Amino acid sequence: MENQHFLLIACPFQGHLNPMLQLAKNLRQAGAARVTFATTVHGLTQIKTFPSLDGLYFASFSDGFDDGIKHATNSQDMLSELKRAGSQTLTELILTFSKNCHPVSFLIYTLILPWAADVARYMSIPSAFLYIQSATSLALCHHFFNRHGGVYDLYNSSENKPPSSIQLPGLPPFETEDIPSFLLPNGPHSSLNPVFQHHIQVLEQEPSPRVLLNSFDCLEEEVIAAIGNINPIPIGPLIPFALLDKNHQSDTSGCDLFEKSTEYIQWLNSKPKRSVIYVSFGSIAVLQKNQMEEMLLGLIGTCRPFLWIIRSSDNKDTEFEEMVREKVNKEKGLIVPWCSQMEVLAHESIGCYMMHCGWNSTMESLAAGIPVVGLPQFADQTTSAKMIEEVWGNGVRARVNEVGIVEAEEIRRCLEVVIGSGEKGQEIRSNAKKWSGLALDAVKDGGSSHNNLKAFLENVTISAKMISGVFDEGAENKTKDATKPNENSKN
Numbered sequence: 161m162e163n164q165h166f167l168l169i170a171c172p173f174q175g176h177l178n179p180m181l182q183l184a185k186n187l188r189q190a191g192a193a194r195v196t197f198a199t200t201v202h203g204l205t206q207i208k209t210f211p212s213l214d215g216l217y218f219a220s221f222s223d224g225f226d227d228g229i230k231h232a233t234n235s236q237d238m239l240s241e242l243k244r245a246g247s248q249t250l251t252e253l254i255l256t257f258s259k260n261c262h263p264v265s266f267l268i269y270t271l272i273l274p275w276a277a278d279v280a281r282y283m284s285i286p287s288a289f290l291y292i293q294s295a296t297s298l299a300l301c302h303h304f305f306n307r308h309g310g311v312y313d314l315y316n317s318s319e320n321k322p323p324s325s326i327q328l329p330g331l332p333p334f335e336t337e338d339i340p341s342f343l344l345p346n347g348p349h350s351s352l353n354p355v356f357q358h359h360i361q362v363l364e365q366e367p368s369p370r371v372l373l374n375s376f377d378c379l380e381e382e383v384i385a386a387i388g389n390i391n392p393i394p395i396g397p398l399i400p401f402a403l404l405d406k407n408h409q410s411d412t413s414g415c416d417l418f419e420k421s422t423e424y425i426q427w428l429n430s431k432p433k434r435s436v437i438y439v440s441f442g443s444i445a446v447l448q449k450n451q452m453e454e455m456l457l458g459l460i461g462t463c464r465p466f467l468w469i470i471r472s473s474d475n476k477d478t479e480f481e482e483m484v485r486e487k488v489n490k491e492k493g494l495i496v497p498w499c500s501q502m503e504v505l506a507h508e509s510i511g512c513y514m515m516h517c518g519w520n521s522t523m524e525s526l527a528a529g530i531p532v533v534g535l536p537q538f539a540d541q542t543t544s545a546k547m548i549e550e551v552w553g554n555g556v557r558a559r560v561n562e563v564g565i566v567e568a569e570e571i572r573r574c575l576e577v578v579i580g581s582g583e584k585g586q587e588i589r590s591n592a593k594k595w596s597g598l599a600l601d602a603v604k605d606g607g608s609s610h611n612n613l614k615a616f617l618e619n620v621t622i623s624a625k626m627i628s629g630v631f632d633e634g635a636e637n638k639t640k641d642a643t644k645p646n647e648n649s650k651n
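For the sequence shown, the numbering used here begins at 161 and goes up steadily by one.
1. By the DSSP assignment, the beta strand (DSSP E) with LEU267 in it spans what residues?
2. Closest to GLY203 by C-alpha separation, out of LEU242, SER284 and ALA190, would be which residue?
3. I need the boundaries of the beta strand (DSSP E) containing ALA445, first residue and last residue.
4. Buried or exposed, going by whether 16 or more other CB atoms sit within 10 Å of the CB of GLN365?
5. Looking at the unbroken alpha helix (DSSP H) that takes in VAL560, where does it start and where does it end?
6. Counting Cβ pairs, one atom from each stretch, are 3 or more of them under 8 angstroms apart for the segment 207-216 and the segment 227-238?
7. Please report the Cβ distance between SER443 and GLN174, rounded to the nearest whole angstrom; I am assuming they are in contact, meaning their Cβ atoms lie under 8 angstroms.
8. From ASN353 to HIS516, what distance separates their C-alpha atoms?
9. Counting only the same chain and skipping the five closest in sequence on each side, list residues whose C-beta sits under 7 angstroms from that of THR249.
10. Would you list the one or two residues that DSSP bridges to HIS165?
11. As a quick exercise: from ILE360, ASP226, SER297 and LEU273, pick the residue whose alpha carbon is nearest that of HIS658.
12. Give the DSSP bridge partners of TYR438, in chain order.
13. Which residues in the same chain have their Cβ closer than 6 angstroms to the Cβ of PRO333, if we skip the five residues on either side of it in sequence?
14. For PHE218, does the three-state DSSP call read helix, strand or coil?
15. Locate the beta strand (DSSP E) running through LEU494, then write down its first and last residues.
16. Would the beta-carbon of PHE376 fall within 8 angstroms of that of PRO397?
17. Distance, Cα to Cα, MET455 vs VAL195?
18. Which residues in the same chain as SER421 place their Cβ atom closer than 7 angstroms to its Cβ, once the five residues preceding and following it in sequence are excluded?
19. Give the range of the alpha helix (DSSP H) segment to which LEU352 is assigned.
20. Alpha carbon to alpha carbon, how far is THR115 from LEU167?
21. Apart from the five residues just before and just after SER521, which ones in its own chain have a Cβ nearer than 6 angstroms to its Cβ?
22. Run through the segment 296-331 for me and flag every whole alpha helix (DSSP H) of 4 or more residues, listed as ranges in chain order.
23. Pair every Cβ in the segment 338-349 with every Cβ in the segment 255-265, then say whether three or more of these pairs are closer than 8 angstroms.
24. Which runs of the alpha helix (DSSP H), 4 residues or longer, sit entirely within the segment 228-293?
25. Kindly list the residues whose CB is nearer than 6 angstroms to the CB of ILE268, restricted to its own chain and excluding five residues on each side of it in sequence; keep chain order.
26. Suppose contacts are defined by Cβ-Cβ distances below 8 angstroms. Is PHE305 in contact with PHE257 by that definition?
27. Along the chain, where does the alpha helix (DSSP H) that runs through PRO179 open and close?
28. In its own chain, which residues sit with a C-beta less than 6 angstroms from the C-beta of PRO179, not counting the 5 before and 5 after it?
29. Is VAL383 near THR462, with beta carbons less than 8 angstroms apart?
30. Is it buried or exposed, LEU583, if we count other Cβ atoms within 10 angstroms and call 16 or more buried?
31. Using only the alpha-carbon positions, how far apart do LEU447 and TYR282 sit?
32. Terminal residues of the continuous alpha helix (DSSP H) containing LEU526?
33. Where does the unbroken alpha helix (DSSP H) through LEU571 begin, and where does it stop?
34. Can you tell me whether ASP313 is buried or exposed, with buried defined as 16 or more other CB within 10 angstroms of its CB?
35. When the Cα atoms are used, what is the spatial distance from MET502 to ALA528?
36. Using alpha carbons as the reference points, say which of GLY388, GLY534, SER596 and PHE266 lies closest to PHE441.
Encoded structure:
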């Protein structure tokens with residue numbers, strides 16, 4: 161792969177940047193000569209730290225809002241502007257690389273950027289789609305939008321009754337509340353329907369589609385097989401495993417969008433093994449104040465220490481944080497604005513993770529062997545919560561009341577089930593430990609994900625040589641034609 165230049169592009173969300181950056185590092189470590197990681201102009205300025213790795217470079221493209229101010233009035237206008245500006249500036253970026261003697265040989269894009277595949281095809285560059293949610297979520301997306309029997313129109317018609325549930329191979333039925341909200345035409349994120357439909361259309365148009373999955377074979381084996389026609393390639397978990405396994409050689413640095421606290425590790429060091437409840441709801445979800453109050457009461461009710469991540473943007477007036485400090489002394493509860501999540505999950509004091517069930521966090525908890533209590537908020541999180549509770553058995557899902565709030569008693573009950581001494585808790589922790597071992601096995605030398613990435617790169621290299629050979633042969637034939645005597649010319 162001495163001449164291969166991979167260009168990886170992602171939107172500037174923490175859950176998009178982390179797996180794409182880990183893939184970038186994996187590609188370099190696998191021998192790719194040059195890897196460029198690109199996000200939006202404004203997004204690049206928001207990254208607090210950049211990993212330093214030889215052969216890894218950073219660049220940007222425009223989403224139309226380079227100053228960070230969203231001038232569009234709704235999400236559809238913003239997505240349209242992202243497609244317009246992004247397509248233009250991605251094309252310009254690729255041309256610039258060519259002019260600077262670093263032509264892009266392969267493009268990898270992720271969610272919300274299906275137009276990137278159109279740009280790559282127009283410029284005769286092969287591409288792959290990094291799907292940063294579960295294979296189950298992708299299968300549901302394909303079930304909705306594939307051109308041969310997709311069910312989206314059944315959900316979007318007053319004349320047709322949608323199915324009461326969707327059945328995928330080897331999995332329990334998915335009710336409407338288990339389906340990702342961005343697939344439902346009348347859901348809160350229906351503006352994303354066309355984007356995900358475009359993703360599936362791109363894959364169906366590709367003669368040789370490639371979908372890289374942030375998952376691993378034995379975690380979602382049957383559902384991965386069910387979407388084999390779009391060539392899913394599990395290469396995950398895409399996380400810095402060196403934090404979990406000292407024998408695993410990889411760079412552990414990331415690119416955080418938030419300033420990390422420095423006090424939590426010392427605090428964790430003072431706690432007994434498997435005693436701390438870690439609470440985090442990712443980088444996007446903003447919980448209602450009454451939900452946070454219920455969570456606080458539920459946490460206090462367990463009489464266990466907890467580390468709670470509350471982003472500074474969530475409560476700018478710090479009113480809630482001050483109330484927590486009044487009710488809980490620092491010995492029992494610590495609130496910080498941000499942390500290195502894998503560093504926390506790898507800490508021996510962590511006994512349970514209460515989370516939103518975002519896919520990155522789900523993968524990280526699986527890899528770390530930490531049992532979870534799921535409070536899904538939106539998007540694919542309800543799908544992941546169902547898998548956690550009903551399929552993998554490494555956690556439980558908290559139930560909301562009639563107004564959509566998880567009450568303090570329900571939170572306390574779920575935490576006690578997972579971290580307590582009961583039979584159910586022991587089973588959940590055993591499953592969590594099992595999946596941790598399988599995740600680590602997948603990324604080791606000779607593991608399924610390691611081998612899948614290796615095979616993918618070999619295929620890319622072979623394809624590049626074949627394309628180069630066709631071009632070389634064409635050039636040679638043109639040269640021969642040019643040097644042939646003109647049979648019609650006079651002597």
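Cβ atoms here follow ideal geometry from the backbone N, Cα and C, with glycine treated the same way.
For clarity, every value in this text was computed on a predicted model and none was experimentally measured.
Reading it off the structure:
1. 266-269
2. LEU242
3. Careful: ALA445 lies outside any beta strand (DSSP E) and carries neither H nor E.
4. exposed
5. Looking at the DSSP string, VAL560 is not in any alpha helix (DSSP H), and its letter there is neither H nor E.
6. no
7. 4 angstroms
8. 22 angstroms
9. PHE221 and SER222
10. ARG194
11. This structure gives no information on residue 658, because the portion of the chain shown stretches from 161 to 651.
12. LEU467 and TYR513
13. SER325 and GLN327
14. strand
15. 493-496
16. yes
17. 43 angstroms
18. VAL496, PRO497, TRP498 and CYS499
19. Looking at the DSSP string, LEU352 is not in any alpha helix (DSSP H), and its letter there is neither H nor E.
20. The structure shown does not extend to residue 115, since the chain spans only 161 to 651, so no value can be given for it.
21. MET515
22. 312-315
23. no
24. 235-259 and 275-282
25. LEU168, ALA288 and LEU290
26. no
27. 174-189
28. ILE292, ASN374 and LEU398
29. no
30. Looking at the sequence provided, one finds Glu at residue 583 rather than Leu. GLU583 is exposed by the Cβ-count criterion.
31. 43 angstroms
32. 519-528
33. A small fix is needed here, since residue 571 is Ile in this sequence, not Leu. Here the alpha helix (DSSP H) through ILE571 covers 568-579.
34. exposed
35. 8 angstroms
36. GLY534
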